[in-house]
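Participant:
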Amino acid sequence: MSKRIPLPLAQDVSGKTYWRSLNELAGSPDFVDALGREFPPGAIEPPEGVGRRTFLSLMGASLALGGLVGCRRPEEKILPYARAPEEVIPGQPLFYATALPMMGTAFGVLVESHEGRPTKIEGNPKHPESLGATTLYTQAAVLDLYDPDRSTSPREGTAVKSWEDAATFLRAEGDKLRARGGKGLTILTEAHRSPTLATRLADLRKTLPEARVVRYEAFSRDAAREGARLAFGKPLETALDLTKARVIVALDADLLATDGSPIKQARAFAAGRAVDKDTAAMNRLYAVESTFTVTGASADHRLRIQSRKIPAFTFALAAELGKRGVALDPELLKTIEGKAGGLDAKATRYAAAIAADLAANRGQGAVVAGRSQPKEVHALAHLINLALDNTGKAIRLVAPFDESREGPEAIVELARSIERGEVETLLILGGNPAFDAPADARFADALAKVPVSVHLASHVDETSERSKWHLNRAHPLESWGDVRSEDGTASLVQPLIAPLFAGRTDAEVVELLLGGSRTAYDLMKATWTTAEGAAGTNQDLRRALHDGLLAGTQLTDEVVTAAPQGAVEALRAFAPAVAEGLEVVFRPDVHAWDGRFANNGWLQELPHPMHKLTWGNGAEISPSTAARLNLKDGDVVTLSGGGAQVRIPVVVAPGQADDSVTIGVGQGRRAQLRVGRGVGVDVVPLRKSDAFEVAGGFSIEKTGEVAALARTQEHFVMEGRPLAREGTLAELQQDPEFARKQVAVPSLFSLYKEPDRRRGHAWGMSIDLNACIGCNACVIACQAENNIPVVGADGVRETREMHWIRVDRYFQGDDPNEPESIHQPLPCQHCENAPCEQVCPVAATTHSPEGLNDMAYNRCVGTKYCANNCPYKVRRFNFFEYGRPDTEQGKMHYNPNVTVRSRGVMEKCTFCVQRINHAKIEAKREGREHVKDGEVVTACQSACPTRAIIFGDLNDQSSQVSVTSASPRGYHMLAEINTKPRVTYLAKIRNKNPELADV
Numbered sequence: 001m002s003k004r005i006p007l008p009l010a011q012d013v014s015g016k017t018y019w020r021s022l023n024e025l026a027g028s029p030d031f032v033d034a035l036g037r038e039f040p041p042g043a044i045e046p047p048e049g050v051g052r053r054t055f056l057s058l059m060g061a062s063l064a065l066g067g068l069v070g071c072r073r074p075e076e077k078i079l080p081y082a083r084a085p086e087e088v089i090p091g092q093p094l095f096y097a098t099a100l101p102m103m104g105t106a107f108g109v110l111v112e113s114h115e116g117r118p119t120k121i122e123g124n125p126k127h128p129e130s131l132g133a134t135t136l137y138t139q140a141a142v143l144d145l146y147d148p149d150r151s152t153s154p155r156e157g158t159a160v161k162s163w164e165d166a167a168t169f170l171r172a173e174g175d176k177l178r179a180r181g182g183k184g185l186t187i188l189t190e191a192h193r194s195p196t197l198a199t200r201l202a203d204l205r206k207t208l209p210e211a212r213v214v215r216y217e218a219f220s221r222d223a224a225r226e227g228a229r230l231a232f233g234k235p236l237e238t239a240l241d242l243t244k245a246r247v248i249v250a251l252d253a254d255l256l257a258t259d260g261s262p263i264k265q266a267r268a269f270a271a272g273r274a275v276d277k278d279t280a281a282m283n284r285l286y287a288v289e290s291t292f293t294v295t296g297a298s299a300d301h302r303l304r305i306q307s308r309k310i311p312a313f314t315f316a317l318a319a320e321l322g323k324r325g326v327a328l329d330p331e332l333l334k335t336i337e338g339k340a341g342g343l344d345a346k347a348t349r350y351a352a353a354i355a356a357d358l359a360a361n362r363g364q365g366a367v368v369a370g371r372s373q374p375k376e377v378h379a380l381a382h383l384i385n386l387a388l389d390n391t392g393k394a395i396r397l398v399a400p401f402d403e404s405r406e407g408p409e410a411i412v413e414l415a416r417s418i419e420r421g422e423v424e425t426l427l428i429l430g431g432n433p434a435f436d437a438p439a440d441a442r443f444a445d446a447l448a449k450v451p452v453s454v455h456l457a458s459h460v461d462e463t464s465e466r467s468k469w470h471l472n473r474a475h476p477l478e479s480w481g482d483v484r485s486e487d488g489t490a491s492l493v494q495p496l497i498a499p500l501f502a503g504r505t506d507a508e509v510v511e512l513l514l515g516g517s518r519t520a521y522d523l524m525k526a527t528w529t530t531a532e533g534a535a536g537t538n539q540d541l542r543r544a545l546h547d548g549l550l551a552g553t554q555l556t557d558e559v560v561t562a563a564p565q566g567a568v569e570a571l572r573a574f575a576p577a578v579a580e581g582l583e584v585v586f587r588p589d590v591h592a593w594d595g596r597f598a599n600n601g602w603l604q605e606l607p608h609p610m611h612k613l614t615w616g617n618g619a620e621i622s623p624s625t626a627a628r629l630n631l632k633d634g635d636v637v638t639l640s641g642g643g644a645q646v647r648i649p650v651v652v653a654p655g656q657a658d659d660s661v662t663i664g665v666g667q668g669r670r671a672q673l674r675v676g677r678g679v680g681v682d683v684v685p686l687r688k689s690d691a692f693e694v695a696g697g698f699s700i701e702k703t704g705e706v707a708a709l710a711r712t713q714e715h716f717v718m719e720g721r722p723l724a725r726e727g728t729l730a731e732l733q734q735d736p737e738f739a740r741k742q743v744a745v746p747s748l749f750s751l752y753k754e755p756d757r758r759r760g761h762a763w764g765m766s767i768d769l770n771a772c773i774g775c776n777a778c779v780i781a782c783q784a785e786n787n788i789p790v791v792g793a794d795g796v797r798e799t800r801e802m803h804w805i806r807v808d809r810y811f812q813g814d815d816p817n818e819p820e821s822i823h824q825p826l827p828c829q830h831c832e833n834a835p836c837e838q839v840c841p842v843a844a845t846t847h848s849p850e851g852l853n854d855m856a857y858n859r860c861v862g863t864k865y866c867a868n869n870c871p872y873k874v875r876r877f878n879f880f881e882y883g884r885p886d887t888e889q890g891k892m893h894y895n896p897n898v899t900v901r902s903r904g905v906m907e908k909c910t911f912c913v914q915r916i917n918h919a920k921i922e923a924k925r926e927g928r929e930h931v932k933d934g935e936v937v938t939a940c941q942s943a944c945p946t947r948a949i950i951f952g953d954l955n956d957q958s959s960q961v962s963v964t965s966a967s968p969r970g971y972h973m974l975a976e977i978n979t980k981p982r983v984t985y986l987a988k989i990r991n992k993n994p995e996l997a998d999v
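Just so we're aligned, residue 1 is where the sequence shown starts under UniProt numbering, counting upward by one.
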């Protein structure tokens, strides 16, 4: 039964109820103390009940575990340049364009460099895949560059070798292979998108015709490409243009975070939510999913359903479209008839309502199947889009970079080939198949049987430990190369720093195997200037290096016609999963992806966008399933299925489908990684090639153990205050100022004389909750820009995380199984009447003439009065020497324009005051009195893929922040207590379908 919450965290005048956790929903007052626990001065051992890991704490750069220091501030010595480079000006950063491959595409970025050190990554506004924004993974790439666990040299077994030794070995091995035409050689690559590497592999096939090249990725796009093959007779890549879609249907597809090209898709989605410009043009998003994703949280309607039932839902959707005159093939409709069984009344009603909406918006829709769904669902989605005239508009189809399969079948076949003795030499370029290959491949065992195995990797990981040779791989920020995005746009990858450990690229290793000696730069240049079909000149390359992309390389759309016979035959043979036992859904781990980011402390400490877990993974189950199985948060269970089992803690996740378990793949690393080793649980043993994304027939058994989860779910609770506000499009059209009216703000006055802020600059920010998707890119961007440390799992458990901006997630509704969700970024509000300033005994926190709430770190004595008096709970106390790495390498990622705080001071968001001052200096140098609008872009604003965050001068009435802050949807958080914050929030709007109003 539904239950009204006795004391909700936030309840507005409309009666909507918001809650952050199941404890709140139950009315439990058992919240974690936000201040945590202090260690006594001079303590050598941690107090009873406090973990040693917390006591020592992780360093800010994830580089080492550091000990405590005394009260005296640490001293450092610096050395001046003997001869400074002409272009290097201390304090004046340089920006270089490059690209980072990820998620089956590539993101164009601008890398900030200080005195030759890359320190911060921004999006390249000229690149169609990044559009000036970043993902949390691209933001964190700079920390991986300085990872002290990176391999520093080649190894033969455990013996350290030089690159001269490795080159001699590779050339000799190449000579042997040429003598037998390449027989016995297999090269295993990731799902790379490098034209230069593709050219070198093509050359290798010509020289060694009997050699094989295999592609494998733990989370691939195989199903989508094979679905296109069934629908159109050829494999194609889908590149979405959601600016042309008024109705978007996501079938188990996390379009705004992990599927496709998320930055481009999120930007286009948010553009269709700009209700202040035109309420009639607002798009509508339906999410049909098992796991509560970022996309589901942003959806206007979300259907909670098991992943294994989504094929049946797609069949029902196609059938409903056929009833409404959509021209689907009659034989196809006949084939899917009867395959839509097993759906409940709610799912059936959703299918009918969505079909009606799509049919009413022909040519303006997009039906997108997620990576986890089988190729048959992708094929049907393609045919639906074609019949609705969506193809060539919101749904763009382009030629794939490589037509080779890259899913589990490829790696399983390779392992079987090794078992048959057909592989004598195995060259693995990147990846970590010994860790993430499907369990039934038994790849780690097979690898040990290869006579000659070579692994090129950034770390001595699980695969390198089992290979005869390990070669250290260059990071993309320190090497030359190239990459294509999903739409074909080509970018050159250029080094921002000399290779720290003389690593080599994939193309260079293939070059050595073929007996050549060209460098990565030579190979890249040859691809674009001298190779057959090359489209560039030296001048073109120089322009590409400046702009970050090669002009005119974007692919044109493929012209397709339905070839449904293949789809009909496939669907006729397709048998939906039997609904027995629990299903398990394998998803990329938010913190580690497929394991490649497991040693990145920024990502490990980043809260999961929905259930806020840090430092590990868990078995996510719905509240009703947890109640049926008598489980609660942290209970360690044995998850069994397919002849394998793992022990993993339970995470009770509102919105999860019943009898469905979601687990993140990528944790539980066993390699020698000082940050990632042993964090979380390795769930790959449960992942078989025939059920690689979704598996059924699982069971859960309670072990009786309880794990202490490091969650930020209930930290910094704000006690029943109305914080995040939302409404429907109909409510907005009826009363545009509904959000502002939800809380009555009395006429208040201050006991202090307030200065006149109408002169000079008045810095402020607006945050549009209708655009915010909760992706957390802003959190990592702020961490990278402001030298914010990580504190480790024990530190998070004691509520001591140091993030200057957090993204609060609120659930709305009475049923924890069927909530809606809203995300709200929360930086320091820079209040005009700041409660923190009034209680500081040493004036460490003061107000600047331009409206900033400043912190003087050298005055702070750590009373924490300001944190106690802050109603927004945005201040962080540096309990230990978190931010002092013990290696020189550990200091290289720091922004030199931001102080690295010492132990015992309070810190918080500064509105990136260093960027403000930089813009003011530039304006003064140019003889201007004021900074122009748009010249100051905060780190969180620059990273945001949806442009939800706007910063600028509120005294400039024409500035973008002034315009957005004046929106009728605008309101100030806790304005009723007279803090007068400088941050304006714009209420979230949902575009509800009247046909589903009572569902």
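Just so you know, even glycine gets a beta-carbon here, dropped at the ideal spot from N, CA and C.
Which runs of the beta strand (DSSP E) spanning at least 3 residues fall entirely within the segment 405-480, listed in chain order?
Facilitator: 425-429, 452-457, 469-472
Participant: Quick one, are the C-beta atoms of T258 and R757 less than 9 Å apart?
Facilitator: No.
Participant: Per DSSP, E726 is paired with what?
Facilitator: K988
Participant: Taking the beta strand (DSSP E) that G108 belongs to, which residues open and close that run?
Facilitator: 105-114
Participant: With three or more C-beta pairs closer than 8 Å as the rule, is the segment 780-800 touching the segment 972-982?
Facilitator: The answer is no - the segment 780-800 does not touch the segment 972-982, with fewer than three Cβ pairs under 8 Å.
Participant: Is R302 helix, strand or coil by DSSP?
Facilitator: strand
Participant: Going straight from the alpha carbon of A777 to that of V109, what length do you get?
Facilitator: 14 Å
Participant: Would you check if there are 3 or more beta carbon pairs closer than 8 Å linking the segment 516-532 to the segment 181-193?
Facilitator: no
Participant: Taking buried to mean at least 16 other C-beta atoms within 10 Å of its own C-beta, is I89 buried or exposed?
Facilitator: Within 10 angstroms of the beta-carbon of I89 lie fewer than 16 other beta-carbons, which makes it exposed.
Participant: Use the C-beta contact count for L673: other C-beta atoms within 10 angstroms, 16 or more gives buried, fewer gives exposed.
Facilitator: With 16 or more Cβ atoms within 10 Å of its Cβ, L673 is classed as buried.
Participant: So which of N853, E818, S821 has the shortest CA-CA distance to N833?
Facilitator: It is N853.
Participant: Under a Cβ-count criterion, where at least 16 other Cβ atoms within 10 Å of its own Cβ denotes burial, should K688 be classed as buried or exposed?
Facilitator: Answer is buried; the Cβ neighbour count reaches 16.
Participant: Does the beta-carbon of L7 have 16 or more other beta-carbons within 10 angstroms, so that it is buried, or is it exposed?
Facilitator: Here the model assigns L7 a pLDDT of 26, short of 50, so the residue's position is not dependable, and the following value carries that caveat. By the neighbour-count rule (16 or more Cβ atoms within 10 Å), L7 is not buried but exposed.
Participant: Rounded C-beta distance between K375 and L255? I'm assuming under 8 Å.
Facilitator: That belief does not hold up - the Cβ atoms of K375 and L255 are roughly 19 Å apart, past 8 Å.
Participant: Which of the three DSSP states is assigned to T527 in this structure?
Facilitator: helix
Participant: Should S747 go down as buried or exposed, given a rule of 16 or more other Cβ atoms within 10 Å for buried?
Facilitator: Classification of S747: exposed, given that the 10 Å Cβ count is below 16.
Participant: Just to confirm, is the Cβ distance from T728 to R267 under 9 Å?
Facilitator: no
Participant: Can you check which of these residues, P400, V679, C831, G233, is closest to V568 by C-alpha distance?
Facilitator: Comparing alpha carbon positions, the residue from P400, V679, C831, G233 closest to V568 is G233.
Participant: Over the uninterrupted beta strand (DSSP E) stretch that includes V661, give me the two end residues.
Facilitator: 660-665
Participant: To the nearest angstrom, report how far apart T984 and M765 are at their CA atoms.
Facilitator: 6 Å
Participant: Going straight from the alpha carbon of R426 to that of E413, what length do you get?
Facilitator: The sequence given here places Leu at residue 426; Arg does not occur at that position. Those two C-alpha atoms are separated by around 14 Å.
Participant: For the alpha helix (DSSP H) holding F95, just list the boundary residues, first then last.
Facilitator: Run containing F95: none in the alpha helix (DSSP H); it sits in the beta strand (DSSP E), 94-102.
Participant: What residues are listed by DSSP as bridge partners for P849?
Facilitator: Paired residues: none, contrary to the question.
Participant: Would R915 and V900 be called neighbours here (beta carbons separated by less than 9 Å)?
Facilitator: The Cβ-Cβ distance between R915 and V900 does not fall below 9 Å.
Participant: Over what stretch of residues does the alpha helix (DSSP H) that includes F315 continue unbroken?
Facilitator: Per DSSP, F315 belongs to the alpha helix (DSSP H) from 310-323.
Participant: Quick one: what's got a C-beta closer than 7 Å to K988's C-beta in the same chain, skipping five residues either side?
Facilitator: The answer, listed in chain order, is E726, L769, N770, I822.
Participant: What is the rounded straight-line gap between the Cα of D482 and the Cα of P195?
Facilitator: 7 Å
Participant: Terminal residues of the continuous beta strand (DSSP E) containing D635?
Facilitator: 635-641
Participant: In the DSSP output, which residue or residues are listed as bridge partners for L613?
Facilitator: R711
Participant: Relative to the C-alpha of L492, which candidate in N917, N897, A97 has its C-alpha closest?
Facilitator: Measuring from the Cα of L492, the nearest candidate turns out to be A97.
Participant: Going along the chain, which residues of its own chain have a beta-carbon closer than 6 Å to the beta-carbon of Q889, five neighbours each way excluded?
Facilitator: Answer for Q889: Y146, P148, listed in chain order.
Participant: So what's G890 in DSSP terms, helix, strand or just coil?
Facilitator: helix
Participant: On the criterion of 16 or more Cβ atoms from any shown chain inside 10 Å, does P476 qualify as buried, or is it exposed?
Facilitator: buried
Participant: Leaving out the 5 sequence neighbours to the left and right, which residues in its chain are closer than 8 Å to L303 when beta-carbon positions are compared?
Facilitator: Y286, A287, V288, E289, F313, K346, A347, Y350
Participant: Which residues in the same chain as A410 place their Cβ atom closer than 8 Å to its Cβ, once the five residues preceding and following it in sequence are excluded?
Facilitator: If the five residues before and after A410 are omitted, its C-beta is found closer than 8 Å to the C-beta atoms of V214, R215, Y216, S404, all from its own chain and listed in chain order.
Participant: Who are the Cβ neighbours of C828 in its own chain at under 7 Å, not counting the five residues just before and after it?
Facilitator: For C828, where only same-chain residues beyond five positions count, the Cβ hits under 7 Å are N853, V874, K908, C909.
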